[in-house]
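Participant: Be aware that the sequence shown starts at 0, since it is given in numbering that gives the first Met the number 0, and climbs by one per residue. A virtual CB, placed ideally from N, CA and C, is assigned to each residue, including glycine.
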Amino acid sequence: MYAIIEDSGTQIMVRKDDILDIDLRKLPEGATSLTFDKVLAVGNEDGSVATLGAPYLANVTVVAEIVKSLKRGAKTVLNKYSRRKGYRRHKGHRQSFVQVKISEIVL
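(1) What are the partner residues of Gln10, as DSSP defines its beta bridges?
(2) Inspect the beta-carbon positions of Val105 and Gly91 and report whether they are closer than 7 Å.
(3) Give a yes or no on whether the C-beta atoms belonging to Ala63 and Val99 are separated by under 7 Å.
(4) By how many angstroms is the C-alpha of Lys37 removed from the C-alpha of Asp6?
(5) Looking at the strands, I want to know which residues DSSP matches up with Val99.
(6) Give a yes or no on whether the C-beta atoms belonging to Thr60 and Thr34 are separated by under 7 Å.
(7) Under a three-way DSSP split, which group does Asn43 fall into?
(8) What is the DSSP secondary structure of Ala49, counted as helix, strand or coil?
(9) So, is Ala2 buried or exposed, given that buried needs 16 or more other C-beta atoms within 10 angstroms?
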């Protein structure tokens, strides 16, 4: 079984036991799981039956356990350069993530 969830403006296809990196968010102290309520679609692995929401499915949630509460992604480097002007800018960004493992899809 798979589900398509919406998180931070992106759509993610998840299955049970998948490990995902989602955008960092404020978590309650000692939180061990996350619940995703914005489920767009649910279907079987063979693709025979798919249930679509309008826009979300009611009473369907995806439960995930937190593997790592703060994970740093790869560094993205931005270089600006103007020829003959001596203009050079160097800027870097490193995105933070929460690593989760999908434990169940509740229908």
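Facilitator: Let me spell this out:
(1) By one-based count along the sequence shown, residue 10 stands at place 11. Answer is Glu5, bridged to Gln10.
(2) Indexing the sequence shown from 1 puts residue 105 at position 106. Indexing the sequence shown from 1 puts residue 91 at position 92. It is not a contact, given that the beta carbons lie outside the stated cut-off.
(3) Translated into the one-based positions of the sequence shown, residue 63 becomes position 64. Translated into the one-based positions of the sequence shown, residue 99 becomes position 100. In contact: Ala63 and Val99 (Cβ atoms closer than 7 Å).
(4) Counted from its first residue, the sequence shown places residue 6 at position 7. Counted from its first residue, the sequence shown places residue 37 at position 38. Near 8 Å, if we compare the C-alpha coordinates of Lys37 and Asp6.
(5) Along the sequence shown, one-based indexing puts residue 99 at 100. Its beta-bridge partners are Leu19, Ile65.
(6) If you number the sequence shown from 1, residue 60 lands on position 61. If you number the sequence shown from 1, residue 34 lands on position 35. For Thr60 and Thr34, yes; Cβs fall inside 7 Å.
(7) Here residue 43 is taken as the residue at index 44 of the sequence shown, counted from 1. Looking at Asn43 - three-state DSSP - the assignment turns out to be coil, as it is neither helix nor strand.
(8) One-based indexing of the sequence shown puts residue 49 at position 50. Three-state result, Ala49: strand.
(9) On the sequence shown, position 3 is the one that residue 2 refers to. Looking at its Cβ environment, which holds 16 or more other Cβ atoms inside 10 Å, Ala2 is buried.
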